[in-house]
Each structure stands twice: as structure tokens, then as C-alpha cells.
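Have a look at the structure below, then the notes.
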Amino acid sequence: MKDRARGFLLAGIIITAIFASHLISDLIQVYKGAKNIWWTPKTMMLSLDDTENEFRIFISGKPLSRHLEEGLFAKDNEGKTYRVVAEDVGVRLNNWCNRKVSMLQKALWSAFGAGFGIALLIAGLNLKFFLKKKTNE
Numbered sequence: 001m002k003d004r005a006r007g008f009l010l011a012g013i014i015i016t017a018i019f020a021s022h023l024i025s026d027l028i029q030v031y032k033g034a035k036n037i038w039w040t041p042k043t044m045m046l047s048l049d050d051t052e053n054e055f056r057i058f059i060s061g062k063p064l065s066r067h068l069e070e071g072l073f074a075k076d077n078e079g080k081t082y083r084v085v086a087e088d089v090g091v092r093l094n095n096w097c098n099r100k101v102s103m104l105q106k107a108l109w110s111a112f113g114a115g116f117g118i119a120l121l122i123a124g125l126n127l128k129f130f131l132k133k134k135t136n137e
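The working numbering puts the sequence shown at residues 1 to 137.
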């Protein structure tokens, strides 16, 4: 019985230490990590059509896409006026929300592992101290 208790205790300590450290590092990364580094790269900007389900830009109550269809004009650096088309508009998204969900899913698995380790630790303590008293009585 003593060897079994020692095995549970040792496994509980090791598994809890490993998974709890992963859990702590995952949670620190989620809550203290850099939120401003997850932007779409400038070389891979998305079109307005690609981002239609995530957000819409309105100018004077009308969507930007409608302004582009009806004719939206801008001036370049030389002062020349030109018509803005949909290909001129690029969108960069901050993918922090997607990354945060991914990190929290990983943290959930770490929490399950830490919980399993704690359960083994409790079982080992139970075998070592409480069942020992019952056998002595």
C-alpha cells in the first residue's frame, strides 16, 4: 500500500508541476502578452469583400463599398484627383481575438492536465495518511 501511495504522490507532483506551469505560462501570454503584434502583414492586405463579415466602414451613413461603386475621389501627392476603386482599398486586421481563443483552448487542456495531477496527488495523500490510520485500527 505504501508503494502505491508513493507512486500516486510522485505522479501527482510531476504531472501537476508540468501542466500547472504550462497553464500559468498560457494565461500570462493571454492576459499580459503583446496584443498589438497580430496584424495582417502589409504585403497580405485583404480586400473589402474579404472582410465583409468582420466589419463594415460607413461614411456619412453609407457603406464604403457603395461610395466606391458610386464614385469616390481622392487626391494624390501631386494634387491630381483620381477615382478610388475597390482595389485601392486594403484592410489589415488584428488577429488577436483568434490567437487569444487558440491560447485559451491550449490553456484549457493544461488545466485538465493540472486537475488530473492534483487528483493523483490527493489520491496519494489519501492512501498514505488516511488509509494507514484505518489499517492500524
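Quick reminder that beta carbons are idealized off the backbone N, C-alpha and C, glycines included. Bear in mind that the values here come from a model prediction, so they are computed numbers and not experimental data.
Using the Cβ count rule (16 or more neighbours within 10 Å means buried), how would you classify residue i?
| i | result |
| --- | --- |
| residue 107 | buried |
| residue 61 | exposed |
| residue 23 | buried |
| residue 26 | buried |
| residue 114 | buried |
| residue 15 | buried |
| residue 110 | buried |
| residue 71 | exposed |
Identify the residues that DSSP records as bridge partners of residue i: which are they?
| i | result |
| --- | --- |
| residue 94 | 39 |
Is the separation between the beta-carbon of residue i and that of residue j shorter than 9 Å?
| i | j | result |
| --- | --- | --- |
| residue 131 | residue 8 | no |
| residue 117 | residue 20 | yes |
| residue 64 | residue 56 | yes |
| residue 92 | residue 45 | yes |
Check whether the region 74 to 85 touches the region 123 to 131, taking contact to mean three or more Cβ pairs, one atom from each stretch, closer than 8 Å. no
Note down, one range per segment and in chain order, each beta strand (DSSP E) of at least 3 residues found wholly within the region 42 to 89. 72 to 75 and 81 to 84
Tell me whether the region 6 to 21 and the region 40 to 60 touch, counting them as touching only if at least three CB pairs, one residue from each stretch, are closer than 8 Å. no
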